[in-house]
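This report concerns only the one structure given below.
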Amino acid sequence: MGGSGAGKSTLLHVLNGSDKPSQGEVLINGINIHLFPDQLEGVMGFVPQDDLLIEDLTVYQNLYYAAKLCFSERTEQEIDALVMKVLEDLGLAEIKHLKVGSPLRKTISGGQRKRLNIGLELLREPAVLFCDEPTSGLSSRDSENIIDLLKELSLKGKLVFAVIHQPSSDIFKMFDKLLILDNGGFQIYYGNPVDAVTYFRRCIDMVNSEQGECHECGNVNPEQIFNIIETKVINEYGYFTNERKISAEQWNDMFKNNYKPFKVNPSTEVPHSTLNIPSRFRQMFFFAARDLQAKLHNKQYMIINLLEAPLLAFILAFIVRYYNVDDHLTAGYVFGKNPNIPAYLFMSVIVALFMGLTVSAEEIIRDRKILKREAFLHLSRASYIFSKISILFMLSAIQTILFVTVGSYILEIKGLFLEHWFILFTVSCFANLLGLNISSAFNSAVTIYILIPLLLIPQLILSGVVVKFDKLNPTIGNTATVPLVGDIMASRWAFEAAMVTQFKDNRFEREFYLYDKVMADADFMKVYFIPELETRLAYCVNNFRSGDAAEQERVAANLALLKVEIAEELNDVGHDKFDRINDLHPAKFDSTLYRDLNQFLDKLKNYYVHRYNVADQKKEATVAALTNSPEKSSAFELFREQYHNESITELVKNLSETHRIIEKDGKLIQKIFPIYKDPEPDHLVDFDAQFYMPSKHFLKSNVDTFWFNNGVIWSMTLFLALTLYFDVLRRIIDGIGNLSNPLDRRK
Numbered sequence: 003m004g005g006s007g008a009g010k011s012t013l014l015h016v017l018n019g020s021d022k023p024s025q026g027e028v029l030i031n032g033i034n035i036h037l038f039p040d041q042l043e044g045v046m047g048f049v050p051q052d053d054l055l056i057e058d059l060t061v062y063q064n065l066y067y068a069a070k071l072c073f074s075e076r077t078e079q080e081i082d083a084l085v086m087k088v089l090e091d092l093g094l095a096e097i098k099h100l101k102v103g104s105p106l107r108k109t110i111s112g113g114q115r116k117r118l119n120i121g122l123e124l125l126r127e128p129a130v131l132f133c134d135e136p137t138s139g140l141s142s143r144d145s146e147n148i149i150d151l152l153k154e155l156s157l158k159g160k161l162v163f164a165v166i167h168q169p170s171s172d173i174f175k176m177f178d179k180l181l182i183l184d185n186g187g188f189q190i191y192y193g194n195p196v197d198a199v200t201y202f203r204r205c206i207d208m209v210n211s212e213q214g215e216c217h218e219c220g221n222v223n224p225e226q227i228f229n230i231i232e233t234k235v236i237n238e239y240g241y242f243t244n245e246r247k248i249s250a251e252q253w254n255d256m257f258k259n260n261y262k263p264f265k266v267n268p269s270t271e272v273p274h275s276t277l278n279i280p281s282r283f284r285q286m287f288f289f290a291a292r293d294l295q296a297k298l299h300n301k302q303y304m305i306i307n308l309l310e311a312p313l314l315a316f317i318l319a320f321i322v323r324y325y326n327v328d329d330h331l332t333a334g335y336v337f338g339k340n341p342n343i344p345a346y347l348f349m350s351v352i353v354a355l356f357m358g359l360t361v362s363a364e365e366i367i368r369d370r371k372i373l374k375r376e377a378f379l380h381l382s383r384a385s386y387i388f389s390k391i392s393i394l395f396m397l398s399a400i401q402t403i404l405f406v407t408v409g410s411y412i413l414e415i416k417g418l419f420l421e422h423w424f425i426l427f428t429v430s431c432f433a434n435l436l437g438l439n440i441s442s443a444f445n446s447a448v449t450i451y452i453l454i455p456l457l458l459i460p461q462l463i464l465s466g467v468v469v470k471f472d473k474l475n476p477t478i479g480n481t482a483t484v485p486l487v488g489d490i491m492a493s494r495w496a497f498e499a500a501m502v503t504q505f506k507d508n509r510f511e512r513e514f515y516l517y518d519k520v521m522a523d524a525d526f527m528k529v530y531f532i533p534e535l536e537t538r539l540a541y542c543v544n545n546f547r548s549g550d551a552a553e554q555e556r557v558a559a560n561l562a563l564l565k566v567e568i569a570e571e572l573n574d575v576g577h578d579k580f581d582r583i584n585d586l587h588p589a590k591f592d593s594t595l596y597r598d599l600n601q602f603l604d605k606l607k608n609y610y611v612h613r614y615n616v617a618d619q620k621k622e623a624t625v626a627a628l629t630n631s632p633e634k635s636s637a638f639e640l641f642r643e644q645y646h647n648e649s650i651t652e653l654v655k656n657l658s659e660t661h662r663i664i665e666k667d668g669k670l671i672q673k674i675f676p677i678y679k680d681p682e683p684d685h686l687v688d689f690d691a692q693f694y695m696p697s698k699h700f701l702k703s704n705v706d707t708f709w710f711n712n713g714v715i716w717s718m719t720l721f722l723a724l725t726l727y728f729d730v731l732r733r734i735i736d737g738i739g740n741l742s743n744p745l746d747r748r749k
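This note's numbering numbers the first residue of the sequence shown as 3 and each following residue consecutively.
Written out as structure tokens, the structure is:
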């Protein structure tokens, strides 16, 4: 017992191993509980002041899953018999099928909640049980019932520690020993509860100091103890002041002078545990089953989460389902003509992120109190985390299936259903792990929901859609490839995968993609690349004799660029086509080299013109075969409009880019037709690329963008799973908090 803030709960947490003492040690049979907690597995139990119940489970199910996590060797019949016995002992058998509910949405009474809370520990009958204010907030009758339960447990040979507040006389006399703490954590009494009254009476020389209880009724008034301890000084006007007659330090000195310590010979017997913890896999199964049961019982939760995805898909798809009602040549909505399909794909990714975050953001913080109790069982953290992940992934799979089904139906997106679903499912799983991390790291649900916009807005802005990557602030942007800030955004990888897959892998484009790729490459080379080389070559021949240092520096830079780019082309067409590549240097450059290189560039242009024409002829022949009759021609047009969207085509070809070719780090960078461009890696794991490229380089091979991008998001998800398991974010936040509060560090 003790006044508010005297340190009762702190002492309890030190004794039960939750907090480490700053000095000294806590031993059970000679075993230090803080150094060797595994040796005392299942020996201690803890009933905190707050309810540690799963609100959406029934009274029976709360005890059932607690038993399953404690006794792996028992059969279903034995578990059921044990749970029913505890329910009958607690007087809860009649309400076993009622949902526990929350303190604000009550289904069972406060006393029943307290009894059930204690019942979670009574299941396994720990050798040492700690109870933090088990009677707070209860009626006198409920309080006596609770203490009766604890007294019965102590009579069975168990050791029960309880923090008690304002006990009645009957409750007070049930305890065997009383320890009183005063302000500042000073111990001022230890011994028989009834003798405490006479002890404090004697200390202040009260009249009838030897009378501890009423001779007539036998009642003891515990409040009398604190009235004596906290007696105030009376001033000269006869009023009580705020100053105590006897301070906590003085009471502590009196206790030390009067108390005669006794030596304890610790037992060498190994403490017996009643537990038989199941394997990690079975723990995961029980955690998942318990979580699933709780979610299924929460009808509001299930209805909102299952209706959220199709409703958002309907709203989004209905809004972006555009067709020109003023164009009399079109007959209603056509997928191929809808300019909003890229916006729909982008918003689908954001919705998947949002759903994944919101469904997981409270998962761990809601269980934190329950985890604190289960810490005494030394259950596997990995099993708990994997159970959460498995349930959330299953829910995300259902949500994204519903979303893609509704959205694709309204917008008439045909084919690629599994691809679109897998992208959104991948993003949602990433968001699940992100939500679990912040749920584990922060102490308030309000803080978590404030954080969600801070996590989503960068995913919006740095996705490459709202602001193009080459139009970002140059400090973080990159004109040649996707910058690092884009690479760490899951939305960038998901949206790019969705766009590239929708363009490249739809049934229509699959027929012509290889032809279009050759034609786009040849078109870029003959229209932009080779003319740019010719322009730089002309500059060199006009200025290589100039005496101006700046001109000479620019000539050298142009020759270096020409050497790099020509060497790349020779790898394709053969090094025998131009044997003076090493002469592209200011010291060796002359008019004959200019003439030879100019002739090579003319031949190179003709080579690409020929490649373009061959591919174009093959494509035209394929199209002609598919449109050689009016019926086939109509079917071909319908086929294209059903699968080939013009707005997606414009974006992935980057046709709106004014600078079709730029110089970056001594090389020419192609800005147009990224969807047809092959990776040009600088090293083994160089996957840096432009936005909308069809593949990425990794470990000497080109990986399709769909698989590579999803793989990157899954690797991010795995990283978040590891940070969650090791509680990295919480450790960082706690570390920052300790650094910012030097007072806490001194404590």
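Just so you know, even glycine gets a beta-carbon here, dropped at the ideal spot from N, CA and C.
- Restricting attention to His380, Ile663, Pro455, the CA atom closest to the CA of Gly47 is found in His380.
- DSSP links Arg246 through a beta bridge to Lys234.
- In this structure, the straight-line span from the alpha carbon of Glu27 to that of Leu42 is close to 15 angstroms.
- The beta carbon of Ile583 sits closer than 8 angstroms to those of Lys565, Ile568, Ala569, Leu572, His577, all from its chain and outside the five residues before and after it, given in chain order.
- When DSSP states are grouped into helix, strand and coil, Asp184 belongs to the strand group.
- For Leu686, the closest of Asp680, Asn704, Tyr694, Pro696 by C-alpha to C-alpha distance is Asn704.
- Counting C-beta pairs closer than 8 angstroms gives fewer than three between the region 381-394 and the region 460-469, which falls short of the contact rule.
- Partner residues in the beta bridge of Cys133, as assigned by DSSP, are Val49, Ala164.
- Per the Cβ contact rule, the region 107-122 is in contact with the region 133-148 (3 or more Cβ pairs under 8 angstroms).
- Using a Cβ distance threshold of 8 angstroms, Ala129 and Pro273 count as a contacting pair.
- Shown here, Gln25 sits in coil according to DSSP, grouped into three states, outside any helix or strand.
- Two segments are said to touch when three or more pairs of C-beta atoms, one from each, lie closer than 8 angstroms; by this definition the region 427-446 touches the region 357-372.
- For Ser697, there is no enclosing alpha helix (DSSP H); the enclosing beta strand (DSSP E) covers residues 697-700.
- For the pair Lys108 and Val61, the CB atoms are not nearer than the 8 angstroms cut-off.
- Note: Ser392 is not bridge-paired with any residue in the DSSP secondary-structure output.
- Fewer than three Cβ pairs drawn from the region 344-358 and the region 250-260 lie within less than 8 angstroms of each other, which leaves the two stretches out of contact.
- Residue pairing by DSSP places Lys101 opposite Thr60 in a beta bridge.
- Taking Glu90 as reference, the option from Arg117, Lys634, Asn260, Glu80 with the minimal CA-CA separation is Arg117.
- Residue pairing of Ser703 in beta bridges, as defined by DSSP: Phe700.
- Residue range 669-672 is occupied by the beta strand (DSSP E) that includes Gln672, with no alpha helix (DSSP H) assigned at that position.
- Within the same chain, Cβ atoms closer than 7 angstroms to the Cβ of Val543 are found at Ser593, Tyr596, the five residues on either side in sequence being excluded.
- According to DSSP, Asn34 shares a beta bridge with Leu29.
- Val502 is positioned such that its CB atom lies closer than 8 angstroms to that of Val654.
- Arg662 and Ser636 have their C-alpha atoms spaced approximately 35 angstroms apart.
- Contact between Cys72 and Leu131 does not hold, since their C-beta atoms are separated by about 14 angstroms, which reaches or exceeds 8 angstroms.
- Separation of Gln672 and Met695 (C-alpha to C-alpha, rounded to the nearest whole angstrom) is 11 angstroms.
- Rounded to whole angstroms, the Cβ separation of Glu135 and Val165 is 5 angstroms, and the two are in contact under 8 angstroms.
- Cα atoms of Cys205 and Lys22: separation of roughly 34 angstroms, rounded to the nearest angstrom.
- Where Lys634 is concerned, the enclosing alpha helix (DSSP H) starts and stops at 632-645.
- Under the three-state reduction of DSSP, Ile415 is assigned to coil, being neither helix nor strand.
- Rounded to the nearest whole angstrom, the CA to CA distance from Ile236 to Arg203 is 19 angstroms.
- Rounded to the nearest angstrom, the Cβ distance from Leu435 to Leu722 is 4 angstroms, consistent with a contact under 8 angstroms.
- Taking 8 angstroms as the cut-off, the beta carbon of Ser171 is found closer than this to the beta carbon of Val222.
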